[in-house]
Amino acid sequence: MPRALPLPRPLWGRPSTKAVVTAGVFITTLWKLKFFFNPSEVSGEAPKHTEPLVVLVWKWPSKQVPNISGDVCRELYGIMGCWLTMERRLLGQADVVVFPHARLQPGRDRLPTERPPGQNWVWVSLESPSNTKALAGWNQTFNWVMTYRQDSDIFIPYGKLVPNQSATVNIPRKTNLVSWVISNYHRTQKRAEVYKNLSRYLHVNIYGKANKKPLCKDCLLPTTSKSKFYLAFENSIHQDYITEKLW
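Once you know that position 58 of the sequence shown is 58 in UniProt numbering, the rest is easy, because the numbers rise by one and skip nothing.
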């Protein structure tokens, strides 16, 4: 049976504990936008132009900004006809401008004052509605919505599983029953209540900032894989909102 493997480490970064997205999925999804502009490529008609689709990311959603100079679409993901950039001087040439909600400043005066005809703006968020504030102020600002919800204008999942026929599965020896990694902990959270009730009957190994036992990025999986079970809680319940720990 093929082993399901996660995609490579994302360029996108982590705007929050929940918001994890693979840059490969991100770029692939944005590349598909060219069919909004060139429906002839879908119908089989001769394309009107051969210029690459210029996608301008107005501000990277995380503080750790990757190097996207050069033709990253082609070099990393084999996607032709796509130009991903963060150079704001190219605003006038951009077909699409991407605005991550996590990095938007309140007030439209922080957005570009000029908007060329035919340019489309995309609002992006991977957070649940419970953790996405001040939305009303952006009404009638963006053309498309890009989120984890499958009914979005542009669907961008947190990740996907890909088969690896040659993978060798090494199951580590289990040394404890249950583990939980948690950074944001409040007694009023429902997941805190579940943990409290569960801990009455069995011991839960807790890691993360909340328990002053942070794990390095290379220590997370080796540590939790020693447990027979892992607690994965949602921080809010919404349509299509699934914990990234599934991936």
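Ideal Cβ placement from N, Cα and C applies to all residues, glycine included. Quantities reported herein were computed from a predicted structural model and do not represent experimental measurements.
**Request:** Ignore the nearest five residues each way along the sequence and tell me which others in Ser227's own chain have a CB closer than 7 Å to its CB.
**Result:** For the purposes of this step, residue 227 is identified with residue 227 of the sequence shown, where counting begins at 1. Only Lys174, Asn176, Leu177, Val178, Ser179, Asn205 meet the Cβ criterion.
**Prompt:** Roughly how many angstroms lie between the CA atoms of Pro116 and Leu91, to the nearest whole one?
**Reply:** As a working mapping, residue 116 is identified with position 116 in the sequence shown. As a working mapping, residue 91 is identified with position 91 in the sequence shown. Rounded to the nearest whole angstrom, the CA to CA distance from Pro116 to Leu91 is 9 Å.
**Prompt:** Between the beta-carbon of Asp95 and the beta-carbon of Val54, is there less than 7 Å?
**Reply:** Residue 95 sits at position 95 when you count from the first residue of the sequence shown. Residue 54 sits at position 54 when you count from the first residue of the sequence shown. It is a contact, given that the beta carbons lie within the stated cut-off.
**Message:** Counting C-beta neighbours from all protein chains within 10 Å, is the total for His101 16 or more, i.e. buried, or is it exposed?
**Reply:** Your numbering for residue 101 matches position 101 in the sequence shown. It counts as buried.
**Asked** Can you give the Cα-Cα distance for Phe229 and Trp138, rounded to whole angstroms?
**Response** By 1-based counting over the sequence shown, the position of residue 229 is 229. By 1-based counting over the sequence shown, the position of residue 138 is 138. In a straight line, the C-alpha of Phe229 is about 42 Å away from that of Trp138.
**Message:** Using CA atoms only, rank isn't needed, just tell me which of Ser62, Leu56, Leu111, Ile79 is closest to Glu87.
**Reply:** Against the sequence shown, residue 87 aligns to sequence position 87. For Glu87, the nearest C-alpha among the options comes from Leu56.
**Request:** List the endpoints of the continuous alpha helix (DSSP H) containing Lys196.
**Result:** For this step, residue 196 is matched to residue 196 along the sequence shown. Note, Lys196: alpha helix (DSSP H), 190-198.
**Message:** Closest to Ile68 by C-alpha separation, out of Pro61, Val145, Trp83, would be which residue?
**Reply:** Along the sequence shown, read from residue 1 onward, the residue named residue 68 stands at position 68. When only C-alpha atoms are compared, the closest one is Trp83.
**Item:** Reduced DSSP secondary structure (H/G/I, E/B, other) of Thr132
**Value:** Translated into positions along the sequence shown, residue 132 becomes position 132. Coil, per DSSP.
**Asked** Cα separation between Ala134 and Arg89?
**Response** For this step, residue 134 is matched to residue 134 along the sequence shown. For this step, residue 89 is matched to residue 89 along the sequence shown. Taking the straight line from one Cα to the other gives about 28 Å.
**CB-CB length for Trp123 against Val145, believed under 8 Å** = The residue labelled residue 123 in the question sits at position 123 within the sequence shown. The residue labelled residue 145 in the question sits at position 145 within the sequence shown. At roughly 5 Å, the Cβ-Cβ gap stays under 8 Å, so Trp123 and Val145 are in contact.
**Request:** Enumerate in chain order the residues of its own chain whose CB-to-CB distance from Phe233 is below 6 Å, with the five nearest sequence positions on each side excluded.
**Result:** For the purposes of this step, residue 233 is taken as the residue at position 233 of the sequence shown. Closer than 6 Å at the Cβ level, and outside the excluded window around Phe233, lie Arg191.
**Message:** As a quick exercise: from Thr141, Asn120, Met80, pick the residue whose alpha carbon is nearest that of Arg110.
**Reply:** As a working mapping, residue 110 is identified with position 110 in the sequence shown. Minimum Cα distance to Arg110 is reached at Thr141.
**Item:** Inside the UniProt domain "Fucosyltransferase N-terminal" (52-159) only - alpha helix (DSSP H) runs reaching at least 4 residues
**Value:** Within the UniProt domain "Fucosyltransferase N-terminal" (52-159), the complete alpha helix (DSSP H) runs of at least 4 residues are 72-77.
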